[in-house]
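Below: the structure, in structure tokens.
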Amino acid sequence: MSLSCCKLVSMFLTELEVMAINGIQFQKGMSLPRFMVDYGTEAQCEATLVRARWPNGFRCPNCGGDHAYEFVRGTLRYWQCRACRQQTSVISGTLMEHTRLPLTKWLLAIYLVTQSKTQISALALRRQVGISWRAAWLLHHKLMEAMRQREEKRPLSGDVRIDDAYLGGERTGGKAGRGSENKVPFVAAVEMRDNKPQRVRFDPVSGFSYAGITAWAEKALIPGAVVTSDGLLGFEVLRRLGFDHKVVIAGKGKVGCEVDAFKWLNVILGNLKTSLSGTHHAFAFRKYAHRYLAEVQYRFNRRFDLGTMVPRLASALMQANPCSRARIQMSTEIET
117 MSLSCCKLVS
127 MFLTELEVMA
137 INGIQFQKGM
147 SLPRFMVDYG
157 TEAQCEATLV
167 RARWPNGFRC
177 PNCGGDHAYE
187 FVRGTLRYWQ
197 CRACRQQTSV
207 ISGTLMEHTR
217 LPLTKWLLAI
227 YLVTQSKTQI
237 SALALRRQVG
247 ISWRAAWLLH
257 HKLMEAMRQR
267 EEKRPLSGDV
277 RIDDAYLGGE
287 RTGGKAGRGS
297 ENKVPFVAAV
307 EMRDNKPQRV
317 RFDPVSGFSY
327 AGITAWAEKA
337 LIPGAVVTSD
347 GLLGFEVLRR
357 LGFDHKVVIA
367 GKGKVGCEVD
377 AFKWLNVILG
387 NLKTSLSGTH
397 HAFAFRKYAH
407 RYLAEVQYRF
417 NRRFDLGTMV
427 PRLASALMQA
437 NPCSRARIQM
447 STEIET
């Protein structure tokens, strides 16, 4: 073997060794055979959802009673409260209410959404779950809505780096640049610990005005957080709100992306946009961006333990407020 070939082999093996030490990237997660063993039947899926909704035993959603009669109607198990006589199933009053899909298909969709390295489109869900495209689209959005509700009330603390960002692009015949009707402004924030990213938030905002950033900070930051930004004028309101606000001026282009204070944030933003553009070739950004951003946020914040993401998302699905198809498809007013 020539000297040059030996060097190439050595470099390749060294690169593999470096990659192998990345515990997050190379964790096992949950294999498909393991999933089928744990969630392959309706009874197993129902038991999973029951544990997720009532971890401490049945509680009547009407009166809070903890004693009930059980019976089966059709394919669903019902509980009738002994105190108030109200009947409820495990999916009543949840995001799954009125679904016609078997529970096994819901759990399979949860598996596919949580175990994929990037994201998964409704078209891919349609093919792999074996349902219509419309059913797959609604199923995906309900899972993303559960993620959004779970993440909404989890503010960041400690060392937080923030930046202004936009999602979406120019439409044919529309305005160009930041004035495009299909662009959605959002605040990207990452909570750092030991110079490594821990948790992120991606929150759509109405704009980067003082009012918009004030509303964002009230829900996204814990008092006492130390916030670092690039000096955008709207972020100056953070100091008035009592936060320790540091400004690091970043240059334009590649030089600005390599500034140490925002290095990880730029990497995360780049991965986010690549994932969305590579998976979803077209969607109404202004209408649904909050859910697609929430999905990326939810998955990133739980990246340390892929193996538990199926029961965790099942729990989020059970605890989320119900949302009908009409509500899912409704245009969302961005409060911030």
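Every position in the sequence shown, counted from 1, becomes a number in the working numbering once 116 is added.
Glycine included, every Cβ here is placed at the ideal spot set by N, Cα and C.
Beta-bridge partners of residue i, as assigned by DSSP
i: P177; result: Answer is none; P177 lacks a bridge partner.
i: I278; result: A305
i: T330; result: Paired residues: none, contrary to the question.
i: K185; result: The question names Lys, but residue 185 in the sequence shown is Tyr. Note: Y185 sits in a beta bridge opposite Q196.
i: Q203; result: Q196
i: L272; result: L337
Cβ distance (whole Å) where residue i is taken to contact residue j below 8 Å
i: S237; j: T395; result: 5 Å
i: V306; j: L381; result: 5 Å
i: I278; j: A304; result: 7 Å
i: L254; j: L165; result: At roughly 18 Å, the Cβ-Cβ gap does not stay under 8 Å, so L254 and L165 are not in contact.
i: C161; j: C176; result: Wrong, their Cβ atoms sit about 23 Å apart, outside the cutoff.
i: T210; j: L433; result: 7 Å
Status (buried if at least 16 other CB within 10 Å, exposed otherwise) for residue i
i: L349; result: exposed
i: H183; result: exposed
i: S440; result: exposed
i: T390; result: exposed
i: E334; result: exposed
i: T344; result: buried
i: T288; result: Annotation note: pLDDT 42 at T288 (below 50); position unreliable, coordinate value reported separately. That one is exposed.
i: N437; result: exposed
i: T230; result: buried
i: F302; result: buried
i: S205; result: buried
i: Q445; result: exposed
i: R443; result: exposed
i: F359; result: buried
i: V134; result: Its pLDDT being 46, under 50, V134 is placed unreliably by the model, and the measurement read from it follows with that caveat. Its Cβ having fewer than 16 others within 10 Å, V134 is exposed.
Where the beta strand (DSSP E) containing residue i begins and where it ends
i: C197; result: L192 to C197
i: D319; result: K312 to P320
i: V364; result: Element bounds for V364: n/a, residue is neither H nor E.
i: V343; result: V342 to S345
Residue interval of the alpha helix (DSSP H) (run including residue i)
i: Q160; result: E158 to R169
i: T230; result: L219 to Q231
i: P427; result: M425 to Q435
- request: Would you check if the region 408-416 and the region 146-154 touch, i.e. whether three or more CB-CB distances between them fall below 8 Å?
  value: no
query: Using 8 Å as the Cβ pair cut-off and three pairs as the minimum, do the region 399-409 and the region 188-197 touch?
result: no
query: Would you call the region 312-324 and the region 244-252 in contact, with 3 or more CB pairs under 8 Å?
result: no
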